[in-house]
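Protein chains in written order, with my numbering: chain U, 101 to 634; chain D, 2 to 206.
Beta carbons: idealized from backbone N, C-alpha and C, even for Gly.
Below: one structure, written as structure tokens.
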């Protein structure tokens, strides 16, 4: 290991090499993480803009911003499918997962660096296929429900093919991470010392492996329906449209946890550092990720309570849905208990982490509410659902993502952002988000259905308020983005390689880390969260 | 596949990982991938179960139009190819290059024979105006066997790459036979899936 050539290159930061080739052919997990980060952020921006367009349309009851209702349908389909499949599913797992997993477990790279690069390239091919469909994008919604997705004249095949290809990328990344966590942990990095982000990534990877193939075959069948005119999902040919919904949600409910479990991991990393306390209930947090992962495979029918399923099945799935709340609440209670009597530093990343706890709890509790059969029948396909899932996805995952961006920014890029601006941006995002989505609970409860470009007069005040909120939220995200981008073009380095006094391994190497991560593979002798003792 | 070998090398010298770690990691990774393959086909098996329970008569009548003899021959061909693949792995572990190349070639030829056989089967169906949209049974038949055929082609590609690598003498030293073993795992899965497809489609009682 310690041959002469190596020691010379060891202290060169991984960002030192320049040029396009050093990026597109890199097998360095830190660089691949950046490639993902840039791509997912790009799609986050595009999908965010379509959302702003939709909100602008909804400010008044009439159709005024979009020319036809179909254009509005296209906008929400784009918003949903880009956000779900191109941003939030690969999201934290592929960007921060790539950057952090080898560093946190004390490895030089992932187990299969070339497959890692391959999976990024597959991701790019998927996006290329999707973009090629933009000339005539689908108007089915991100769920591609049959029979409409078979009948519509828009380009469903290309968009589903794009998502299908992304599935491969997701599977390869998940496989890579599981093998990495099993085989490449540094000496002394036992399972009970692993950082909780690693536990979360592991649970996520299992979900990616188990759920993604099923959506893969579902989309393949949908493509075959359109291309060869077969009738799996067409009642006229003896098929069953509900089968599509079953297949789709068998993936897409666990996928919700593919989106949010990595954020759980991030919160578990940020909170103990800024509360200066050991994480409370380490094992409970670690195992609850797996409990969530397992239960999440047995709740998919709660998306279909009004699809004409049997009452027995509905009752069982309603019960199972509420079970997920238990391991999730275990996490929330443990984070809160970690804060208790801590000496809390309100760093921008901590502000995002704290907002996560509050907003995700709202999202989670309304989820329990929706899991109750009688309530769901009333609220199905209303804005209540829209508000609920955005509280989970933005209030949960995106807050975790932004928190991670601020927390690991110095480590990843070796630069420092302006903390005050970051706090202002956080404030705008927090307020803007709540102003946008909280009114949607009320209008949903009063019967405003989702996915309509026009609506009766009576909902105008809620809709207008929601639209104003979306501008505040948009402004906040813009300020945050600029604040994080500016330092990248400026000179300057962080004063310390471990400014927040974290005990985790990634903070023990220089910022940015050298290409090989560690001079020598470290030997771990203590728990990652022994704050207060040192 | 060549990348795996180079990768093993860079790990052995550059990353401080031994051959054994790389070997185990590669096998573990392939097993995980095989799990996802089973789930991919799992969706089709679930659809099969649903529609067969719904239309038992249609399934029974339609399956009579399939050629059991050709299907049986293909089953034997694939099982035999799994046998030669297993022998190939053993030959690579013993670093017997000639046997390795012969056995891999036989496995490759079996895959090709399977494909040719399938070609005649499909042509006969089209000749009798049986297409994927004929009914649900044939939709399943073409989807399942078609997706499986795709896997056979991928497997043949892997075996072809292994033959080239063997010819270059890549598996000579140490534990460098990892690619053969990992490729073998994939080929066995392709075989295994067919063993389920054959009775489900051809032998409905």
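Can you tell me whether DSSP reads residue i as helix, strand or coil?
i                     : result
residue 614 (chain U) : strand
residue 378 (chain U) : coil
residue 482 (chain U) : strand
residue 556 (chain U) : coil
residue 113 (chain U) : strand
residue 549 (chain U) : strand
residue 193 (chain D) : helix
residue 508 (chain U) : helix
residue 3 (chain D)   : Confidence is the limiting factor: at residue 3 (chain D) the pLDDT is only 37, short of 50, which leaves the residue's position unreliable and the question unanswerable from this model.
residue 119 (chain U) : coil
residue 295 (chain U) : coil
residue 627 (chain U) : coil
residue 242 (chain U) : coil
residue 167 (chain U) : coil
residue 333 (chain U) : coil
residue 492 (chain U) : helix
residue 448 (chain U) : helix
residue 407 (chain U) : coil
residue 599 (chain U) : coil
residue 325 (chain U) : helix
residue 196 (chain U) : helix
Cβ atoms of residue j and residue i: under 8 Å apart, would you say?
i                     : j                     : result
residue 624 (chain U) : residue 288 (chain U) : yes
residue 132 (chain U) : residue 186 (chain U) : no
residue 178 (chain U) : residue 169 (chain U) : no
residue 612 (chain U) : residue 514 (chain U) : yes
residue 486 (chain U) : residue 550 (chain U) : yes
residue 522 (chain U) : residue 448 (chain U) : yes
residue 189 (chain U) : residue 385 (chain U) : no
residue 327 (chain U) : residue 207 (chain U) : no
residue 275 (chain U) : residue 310 (chain U) : no
residue 136 (chain U) : residue 194 (chain U) : yes
residue 398 (chain U) : residue 477 (chain U) : no
residue 130 (chain U) : residue 211 (chain U) : no
residue 259 (chain U) : residue 295 (chain U) : no
residue 59 (chain D)  : residue 132 (chain D) : no
residue 452 (chain U) : residue 502 (chain U) : yes
residue 52 (chain U)  : residue 217 (chain U) : In this structure chain U extends from 101 to 634, so residue 52 (chain U) is not present and cannot be described.
residue 529 (chain U) : residue 500 (chain U) : no
residue 114 (chain U) : residue 615 (chain U) : yes
residue 26 (chain D)  : residue 101 (chain D) : no
residue 402 (chain U) : residue 421 (chain U) : yes
residue 436 (chain U) : residue 457 (chain U) : yes
residue 192 (chain U) : residue 497 (chain U) : yes
residue 574 (chain U) : residue 152 (chain U) : yes
What residue from the options has the CA that sits closest to residue i's CA?
i                     : options                    : result
residue 369 (chain U) : U:297, U:309, U:556        : U:297
residue 382 (chain U) : U:343, U:575, U:365        : U:365
residue 459 (chain U) : U:175, U:432, U:125        : U:432
residue 192 (chain D) : D:81, D:43, D:55           : D:81
residue 1 (chain D)   : D:79, D:25, D:56           : For chain D, the structure presents residues 2 to 206; residue 1 (chain D) sits outside this window and is missing.
residue 209 (chain D) : D:179, D:28, D:116, D:67   : Lying outside 2 to 206, the shown extent of chain D, residue 209 (chain D) is not represented and no answer is given.
residue 534 (chain U) : U:567, U:552, U:507, U:372 : U:567
residue 109 (chain D) : D:35, D:179, D:155         : D:155
residue 85 (chain D)  : D:190, D:185, D:206        : D:185
residue 149 (chain D) : D:195, D:107, D:179        : D:195
If you measure beta-carbon to beta-carbon, which residues of the region 40–69 of chain D are closer than 9 Å to chain U?
40, 41, 42, 43, 44, 45, 47, 48, 51, 52, 55, 56, 59
Three CB pairs or more closer than 8 Å across the region 380–399 of chain U and the region 299–312 of chain U
yes
Touch test, the region 530–540 of chain U against the region 464–471 of chain U, Cβ-Cβ under 8 Å, three pairs minimum
no
Name the residues in the region 158–178 of chain U whose C-beta lies less than 8 Å from a C-beta of chain D; which are they?
none
Do the region 372–379 of chain U and the region 338–345 of chain U meet, that is, are 3 or more Cβ pairs less than 8 Å apart?
no
Please confirm if the region 137–144 of chain D is in contact with the region 47–65 of chain D, defined as three or more CB-CB distances below 8 Å between the two stretches.
yes
Check whether the region 468–479 of chain U touches the region 433–447 of chain U, counting contact only when three or more Cβ pairs, one atom from each stretch, lie closer than 8 Å.
no
Residues within the region 24–35 of chain D neighbouring chain U, beta-carbon criterion of under 7 Å
25, 26, 29, 30, 33, 34
Whether or not the region 333–343 of chain U and the region 263–275 of chain U are in contact is what I'm after, with contact meaning three or more pairs of Cβ atoms, one per stretch, closer than 8 Å; do they touch?
no
Looking at chain D, which residues of the region 315–332 of chain U have a Cβ within less than 8 Å of any of its Cβ atoms?
316, 317, 318, 320, 321, 324, 328, 329, 330, 331, 332
Stretch pair the region 158–170 of chain D + the region 124–134 of chain D: three plus CB contacts closer than 8 Å:
no
Can you list, in chain order, the residues of the region 119–140 of chain D whose Cβ is nearer than 8 Å to any Cβ on chain U?
132, 133, 134, 136, 137, 140
Could you check whether the region 243–260 of chain U touches the region 319–336 of chain U, counting it as contact only if at least three pairs of C-beta atoms, one from each stretch, sit closer than 8 Å?
yes
Contact list for the region 143–170 of chain D against chain U, Cβ threshold 7 Å:
144
Give, in chain order, every residue of the region 177–196 of chain D whose Cβ lies closer than 7 Å to some Cβ of chain U.
none
Which residues, taken in chain order from the region 237–252 of chain U, show a beta carbon closer than 8 Å to some beta carbon of chain D?
none
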